[in-house]
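Using my numbering, read the sequence shown as starting at 143 and increasing by one per residue. C-beta: ideal position from N, C-alpha, C; glycine also. Here is the structure we will look at, set down as structure tokens.
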Amino acid sequence: MTDPLFDYLAPENHVEKRAGISATLKAQLHEPLDANTQYHGEAAFWLQIHQGLLRTSATLPNWCEQFLAEKTTDRLYLMAPRICNLATQLVQHAHGHHHIEDDHFFPVFLRAFPQLANPIDLLEKDHEILSVVLDDIENATKELSHVSQNATSQITTAEKSDLFTKTEQLQKAASSLDRLFIRHIGDEEEICLPTLMRM
């Protein structure tokens, strides 16, 4: 059971504010793994998933930036669907991974190691924050896709302005997600990889 004194909204815990796992939570974790640890099984699979998420979350805002700097109107037709596909892939991949963690891995961890209640609660609450940002990305992607699919063969000034407005919205959400992913995934690996390697 989670400690009633654990306050996720405190700056040392909230994913948008914390600089790492607090000393209080670190004391509840397993001993850190050696830097030369060879990961295997589920732990190695988690690392692969996380690396893929981090690569995609770093790429999406960069693609949006390239789109916003594009001067050739014809290229906007080519770039918009690629951006939308990447964003959709990122949202689906992240939601899927978080559901597996919340519904399968975290309950298993807690049954085996009840002392992880607060660290696991931290990660689950991170997922709630990330879900909102992922929804922002999904909504911005739908709007960008709609505008790009309905643009005329010769994109008008108004259509280009609309495309750029939607892409700016997507870039803002994507940049936020990338920053939060770096914090969340780093902390999640510190909490979960030693746990996985002990199971």
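Simplified DSSP state of residue i, which is helix, strand or coil
i    : result
H156 : coil
R224 : helix
H192 : helix
D320 : helix
H182 : coil
F148 : coil
D176 : coil
G328 : helix
E212 : coil
Distance, residue j Cα to residue i Cα
i    : j    : result
Q231 : T198 : 9 Å
D268 : F247 : 15 Å
G200 : S317 : Here residue 200 turns out to be Ala, not Gly, going by the sequence shown. Each residue's Cα considered, the two are about 8 Å apart.
E310 : L171 : 40 Å
H182 : L265 : 22 Å
E154 : L175 : 23 Å
I138 : H192 : Nothing about residue 138 can be reported from this structure: the residues present for the chain run from 143 to 341 only.
P203 : M339 : 34 Å
H241 : S273 : 11 Å
E285 : L195 : 23 Å
T299 : A315 : 25 Å
C226 : E330 : 28 Å
R160 : I297 : 44 Å
Residue i Cβ short of 7 Å to the ligand PLP heavy atom set
i    : result
A222 : Absence of the ligand PLP from the depicted structure is noted, as is the absence of any ligand whatsoever, leaving it without description.
Check: Can you list the alpha helix (DSSP H) stretches of 4 or more residues lying completely in the region 250-302, in chain order?
Finding: Complete alpha helix (DSSP H) runs here, min 4: 259-292.
Note to self: Taking contact to mean 3 or more Cβ pairs, one atom from each stretch, closer than 8 Å, check whether the region 254-270 and the region 285-293 are in contact.
What the structure shows: Cβ pair count under 8 Å is below three, so no.
Margin query: With three or more C-beta pairs closer than 8 Å as the rule, is the region 248-257 touching the region 296-307?
Written below: Look at the beta carbons and you see the region 296-307 not touching the region 248-257: under three pairs across the two are nearer than 8 Å.
Notebook entry, point to check: Counting pairs of Cβ atoms below 8 Å between the region 201-210 and the region 332-340, do you hit three or more?
Noted result: Contact between the region 201-210 and the region 332-340 is absent: fewer than 3 CB-CB pairs across the two stretches fall below 8 Å.
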